[in-house]
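To keep things clear, I will list the structure first and then write my remarks on it.
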Amino acid sequence: MNRKKLTAVVLTLLAALVVVFGCIFFFLSAKPTGGSKRITIEVVNMEEKSTVYKVQTDAEFLRQAMEEAKGLEFSGTEGSYGMMVETINGETADYNATGNYWAFYVNDKYCNYGVDSQPVTDGDQFKIVYE
Amino acid sequence: MNKRFSITAKDIVTLGAMVAIIEASKAALSFLPNIELTSFWLIVFTLVFGWKIALVVPAFILVEGLIYGMGLWWIMYLYVWPLLVLVAWLLRKMESSVLWAAVSGFFGLLFGFLCSFVYLVTGNFETQIAWWIAGIPWDIVHCIGNFVLMLVLYKPVMAAMKKLCVGKYSIGS
Numbered sequence: 025m026n027r028k029k030l031t032a033v034v035l036t037l038l039a040a041l042v043v044v045f046g047c048i049f050f051f052l053s054a055k056p057t058g059g060s061k062r063i064t065i066e067v068v069n070m071e072e073k074s075t076v077y078k079v080q081t082d083a084e085f086l087r088q089a090m091e092e093a094k095g096l097e098f099s100g101t102e103g104s105y106g107m108m109v110e111t112i113n114g115e116t117a118d119y120n121a122t123g124n125y126w127a128f129y130v131n132d133k134y135c136n137y138g139v140d141s142q143p144v145t146d147g148d149q150f151k152i153v154y155e
Numbered sequence: 004m005n006k007r008f009s010i011t012a013k014d015i016v017t018l019g020a021m022v023a024i025i026e027a028s029k030a031a032l033s034f035l036p037n038i039e040l041t042s043f044w045l046i047v048f049t050l051v052f053g054w055k056i057a058l059v060v061p062a063f064i065l066v067e068g069l070i071y072g073m074g075l076w077w078i079m080y081l082y083v084w085p086l087l088v089l090v091a092w093l094l095r096k097m098e099s100s101v102l103w104a105a106v107s108g109f110f111g112l113l114f115g116f117l118c119s120f121v122y123l124v125t126g127n128f129e130t131q132i133a134w135w136i137a138g139i140p141w142d143i144v145h146c147i148g149n150f151v152l153m154l155v156l157y158k159p160v161m162a163a164m165k166k167l168c169v170g171k172y173s174i175g176s
């Protein structure tokens, strides 16, 4: 092979490899996604005013999904079963003082678990009601 | 000792100067990500000084480790740079600046892939591949940078080296 041909072959190989690497990056690199589950979290406050949060998440449990919901603020007491939610969006339900609490529902059924262990599946509709 | 493989005080000074040139060039271009002259100098020094480059590479790697700390990247350096020197030594008869630019470009493009093998040992195959793929855009920058720098600098620098080292080192031997 003469030098000109060799140079052409080598340069073509280099250019082809750059293209192949570029394709590998384009098609196979990890891409950020907005999460694979679409759920809604509806909060009904003490004035029975409803606010709905739409969340696209990969969260396994409700607490993480609630943390990802923009505009939803909550806090509570950490215990051995996870967080006992006491305050949502600045409104505190104090069972000992007034007998009120935040009730959690999933698809209109009472949640069997706390926020740390309540599973999240695609399409779930959560409702948190001041009762 | 075989005179061909003996090391003189002048050689030691020359080797020190080579490491200094590589480090100074590296520092000068550190603001440009993945644009480096280390590949260029290691290839040129291999062509000019032959087997004596085998002493420069460990010295350079050691200095790098002392300056920047010996992390995982340092393990990569232990085999990546010697591999480049080996390839350059095997191709030492080649004189085309375009082909040397291609060699340097190939090295830049494959740099991430070669380095990723450390993650095969410390992690697993998936870790290795994910790490390599994530860095491909920078490998392409590395490839282009190496290609252009070698293409532009090879002829003038080799001409200067031949002039300076005439009778002292056997270029291409």
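These protein sequences, in sequence, are chains A and B. Residue numbers for the first sequence follow the numbering used here, so the first one is 25 and each next one is one higher. Residue numbers for the second sequence follow the numbering used here, so the first one is 4 and each next one is one higher. Ideal placement from N, C-alpha and C gives every residue a C-beta, glycine not left out.
Shown here, Gly108 of chain B sits in a helix according to DSSP, grouped into three states. Among the bridge pairs identified by DSSP, Arg62 of chain A is matched with A:Gln80. With distances taken between CA atoms, Ala121 of chain A lies nearest to A:Glu110 out of A:Val130, A:Ala127, A:Glu110 and A:Gln88. Taking Val76 of chain A as the centre and dropping the five residues before and after it, the same chain places the C-beta of Thr64 and Glu66 closer than 7 Å to its C-beta, in chain order.
Taking the CA atoms as reference points, Ile48 of chain A sits about 27 Å from Leu40 of chain B. Its Cα nearest to that of Asp140 of chain A, the residue A:Glu91 stands out among A:Asp132, A:Glu91, A:Ala40 and A:Arg27. The alpha helix (DSSP H) runs lying completely inside the region 86-113 of chain A and spanning 4 residues or more are 86-92, given in chain order. Taking C-beta separations shorter than 7 Å and ignoring five residues to either side along the sequence, the partners of Glu26 of chain B in its chain run Val66, following chain order. The continuous alpha helix (DSSP H) containing Lys28 of chain A extends over residues Arg27 to Leu52. Using a C-beta cut-off of 8 Å, the region 104-116 of chain B makes contact with the region 35-47 of chain A, since at least three inter-stretch Cβ pairs fall below that distance.
Across the structure, Trp76 of chain B and Trp44 of chain B are spaced so that their CA atoms are roughly 20 Å apart.
Its Cα nearest to that of Ala105 of chain B, the residue B:Tyr157 stands out among B:Tyr157, B:Val22 and B:Thr125. Residue burial is scored here from C-beta neighbours: Ile56 of chain B has at least 16 other C-beta atoms within 10 angstroms and is therefore classed as buried.
Between Val68 of chain A and Val144 of chain A, the CB-CB gap reaches or exceeds 8 Å. For Thr81 of chain A, the closest of A:Phe128, A:Leu96, A:Lys73 and A:Gly59 by C-alpha to C-alpha distance is A:Gly59. In chain A, no part has a C-beta under 7 Å from the C-beta of Leu86 of chain B; the shortest such distance is about 17 Å. In this chain, Trp126 of chain A is not harboured by any alpha helix (DSSP H); it is covered by the beta strand (DSSP E) spanning Trp126 to Val130. Within the region 79-106 of chain B, the residues whose Cβ lies closer than 8 Å to any Cβ of chain A are, in chain order, Ser99, Val101, Leu102 and Ala105.
Under the Cβ criterion of 8 Å, Cys146 of chain B is counted among the residues facing chain A.
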